[in-house]
Amino acid sequence: MEHIIGNISVLTAAPVLNLGLLIDGVLIGSIFALAAYGLALVWGVMNVKNLAQGDFIMLGGYITYALGRYGIDALLGVPVAFVLLWAVGFVVYRLVVRKVITRDLFTSLLATFGVAIVIQQSLNLAFGPDTQSAHSGLPDWQFAGGLITISATRLLGFGLAILLALAVILFMKNSRMGQAIRATAQDVRAARVVGIDTEKVYTFTFCLNAAICGAAGALVALVWNVQPFFGTTYSIRLFVIVTAAGIGNLPGVIAAGFGMGIFEQFGGFLLGAEFQQALIVLLLLGVLSYRQLQYLRVRQAVQ
Amino acid sequence: MNPTSRQALPFWLILAAGIAAPFLFPSYSNEIAVLWLMIVFASTWDILGGQMGYNSLGNIFFFGAGMYICAVVQIGLFYDVGMYTAGSRTTHIVFSTAQYFSGFALGIVAAGIGSAVLAIAAGWIVFGLRGPYFAIGTLGLAVAAAELTASWDWVGAASGISMPVFPGAPETQKLFFYFLLFVLAFALLLFLRWLYSTSFGLALNAIRDDEEKAEAMGLHTLRYKRTAWAISAFFLGIAGALFGNMIGFIEPRDIAFPTTTFNLFMVVMVLLGGKGTFWGPVIGAVIFHTFKEVTWTYLLGWQFVALGLLIVVTIVYFQQGVVGWLTEKYPRQFGAIGARRREAEQPALNAGLAPQVEGAE
């Protein structure tokens, strides 16, 4: 308890630290928002809740790390992870997700959890259980007498995340495929009636989601670190974000992504880093309870 | 054979096998003891998942809670828990025989009751959630428990607790824990056989089939759901207490609340054997545990990858499970195992048709 109060007084004594945490939170939140958008996309279009989402992120991160080990600049990892994860998404879709789309939601949840375990354990075998990060040779900038450090990598990651998000949003709005995806999300049967190949739309959506996760993972490896078993926490974070915002509420998902990033930075600073994971999970329980209370008034269950 | 003795036959076989196994295969007695634990896992999961239609991903919470409650009781009766966990690295604390057994017995009782109480409390949070939200909510509960325990110094935080040492020879210890786990599994099976034959069992099935309708018929569904979860938690808590003492060292993330191993195994075992059937979880547990031990012996590091693949294959391609598959394929011979009660309820429907098996909700 004492160190929490101590940390709060540190924050009030040096307000500029708040700014530093806020900037970090926004930078990291942009990555969350990106991956949460992918989750909301798959959730909304094909009604599959992908528990392997966080592990796709880790896979993207390890691709970047592996590139860095072979002397290729880690920044190249972003497009490479995007393309490779597209392929991984395709394989997972064909072998697993396609078979469970029409089944109940728990089946898809469990099947993707199984995929998550395969990815986790394979990464563990390939790279070992230590945390790793990729480095690009960019400088750090310091402000306010060294209290705020903004690394160029983080800033660049932020820029890339925004760029990617914009590209995806524009794509969904304007392209033929984007329109087909949105039509399928609204009503699968009607989409089929007007001649949309929904099978193709599903494949594309899942691949796009995996690719987005791959790029997000590359950014995670750049600005943070990756570890084979961090994936589950990422999945839970993304679920918190999407559940809190509600699927189909795109601006909400992005806002909640940023909110999550900021919340984590402050929470981690106040309580200590060892509580960060617990904090995320408690937030999940909080959000679910809140949703439940919301529905209680109209006597419905959260489903 | 008359129907009653045909029903009782599997129980006699299990009893005989359970008693004979450690003497026939003494070098495998630990593995077989874990098999009984797996049967407890699968059967308790099936109370909610199969019979009631609530797919929990967090039942491991009660296993870990029981483990820690038992440990705290065992140590707390005679020493200060905080001191014990802090000093276990440097000082070796010995429990006398009387201390060990009295603490252990009390710990088991406390673990069962404590876990059941926790289930009732947790029911307030999670039972308003349906379908996948329930699964994610319960998963969150288990992960939260693991993380909070891992940062709670009083119970040893992430480095865990060394349990009191069994006062006796290693061989006696092996047999002691083997029979405790066997008795637990056997008692659970008998209890469930009885439970599913009461109106309580029917109420659970009604909730699975249509919760709104069940409520409209006047069932207090929340009360049934909470009781069912508390029953499941009671047995899981005791299992946790036994397993913690059996391996002698407990730790939050990989032993007490292993969300990606035991926690997932229980679901997979039930699906593999046949969800919502009495013998399905038992058969699933036997197949899965054998597969796990064989892959452990021959694949080592790749074991978990193989297990993950087995999980995916089971869920995607074989969801009706062994018992479900048998009832579909040979309804005459095996229909009675999987859908005996349904058959009794709907004699007209089963006159010429194969009984429908509940694969997915």
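Read top to bottom, the protein sequences are chains A and B. In terms of my numbering, the first sequence opens at residue 3 and continues consecutively. In terms of my numbering, the second sequence opens at residue 699 and continues consecutively. Backbone N, C-alpha and C define an ideal beta-carbon position, used for all residues, glycine too. The structure displayed is predicted, hence computed values, not measured ones.
Residues of chain A with a CB under 7 Å from the CB of B/Leu-1007: which are they?
Val-120
Assign B/Glu-845 to buried or exposed, taking buried as 16 or more other Cβ atoms, counted over all protein chains shown, within 10 Å of its Cβ.
buried
Cα separation between B/Met-726 and B/Pro-979?
It should be pointed out that residue 726 of chain B corresponds to Tyr in this sequence rather than to Met. About 22 Å.
Take the Cβ of A/Leu-285 as the centre, count every other Cβ of all protein chains shown within 10 Å, and call the residue buried at 16 or more, exposed below.
buried
Reduced DSSP secondary structure (H/G/I, E/B, other) of B/Ala-859
It is worth fixing the name first, because residue 859 of chain B is Ile in this sequence and not Ala. B/Ile-859: strand per DSSP, three-state reduction.
Using only the alpha-carbon positions, how far apart do A/Leu-13 and A/Ala-83 sit?
38 Å
Going along the chain, which residues of its own chain have a beta-carbon closer than 8 Å to the beta-carbon of B/Trp-710, five neighbours each way excluded?
none
Where A/Phe-108 meets chain B, residues with beta-carbon distance less than 7 Å:
Asn-753, Gly-829, Pro-830 and Ala-833
Could you give the DSSP three-state label for A/Gln-134: helix, strand or coil?
strand
Along the alpha helix (DSSP H) that carries B/Trp-994, what are the first and last residues, could you check?
978-997
In chain order, each alpha helix (DSSP H) run of at least 4 residues that lies wholly inside the stretch 31-113 of chain A:
55-71 and 79-94
Any idea if A/Glu-201 is buried or exposed, counting beta-carbon neighbours within 10 angstroms, 16 or more meaning buried?
exposed
Quick check: what's the CA-CA separation for A/Ala-185 versus A/Met-174?
11 Å
Quick one, which residues of the stretch 266-288 of chain A are near chain B if we go by CB-CB under 7 Å, in chain order?
Glu-276, Phe-277, Gln-279, Ala-280, Val-283, Leu-284, Leu-286 and Leu-287
Using the Cα positions of A/Asp-26 and A/Arg-156, report the straight-line distance between them to the nearest angstrom.
8 Å
Pair within 7 Å by beta-carbon distance, B/Ala-808 and B/Ile-773
no
Considering only residues of the same chain and omitting the five flanking positions on each side of A/Gly-216, which have a CB-CB separation below 6 Å?
Gly-62, Ala-83, Phe-84 and Leu-87
To the nearest angstrom, how far is the alpha carbon of B/Thr-847 from that of A/Glu-276?
11 Å
Can you tell me which of A/Ala-246, A/Gly-116 and A/Leu-172 puts its alpha carbon nearest to the alpha carbon of B/Phe-963?
A/Gly-116
Could you tell me how far apart the beta carbons of B/Ile-823 and A/Ser-291 are, in whole angstroms, since I believe they sit closer than 8 Å?
6 Å
For B/Val-841, decide whether its Cβ has a neighbour in chain A, counting only Cβ atoms nearer than 7 Å.
yes
Within a Cβ cutoff of 6 Å, which residues of the same chain sit near B/Leu-775, ignoring the five residues on either side of it in sequence?
Gly-801
Does the beta carbon of A/Phe-208 sit closer than 7 Å to a beta carbon anywhere in chain B?
no
Can you tell me the Cα-Cα spacing of B/Ala-817 and B/Ile-758, whole angstroms?
11 Å
Is any beta-carbon of chain A found at less than 7 Å from that of B/Phe-1002?
yes
Compare the beta carbon distance of B/Arg-906 and B/Gly-1022 with 7 Å and say whether it is the shorter of the two.
no
Beta-carbon gap between A/Ala-113 and B/Ile-1013 smaller than 7 Å:
yes
Counting along the chain, where does the alpha helix (DSSP H) carrying B/Pro-865 start and finish?
Note, B/Pro-865: premise wrong, no alpha helix (DSSP H); not H, not E.
Tell me, which residues are paired with B/Phe-874 by DSSP?
Paired residue(s): none; B/Phe-874 is not in a bridge.
Nearest to A/Arg-191 by alpha carbon, out of A/Met-48, A/Ala-169 and A/Leu-273?
A/Met-48
Run down chain A in chain order and give the residues with a C-beta less than 8 Å from the C-beta of B/Val-965.
Leu-112
Between A/Val-228 and A/Tyr-64, is the Cβ-Cβ spacing less than 7 Å?
yes
Bridge partners of B/Ile-948, per DSSP?
B/Ile-859
Taking only three categories from DSSP, how would you classify A/Val-244?
helix
Residues of the stretch 45-61 of chain A with Cβ closer than 9 Å to any Cβ of chain B, in chain order:
Lys-51 and Leu-53
Whole beta strand (DSSP E) elements within the stretch 230-287 of chain A, 3-residue minimum:
none
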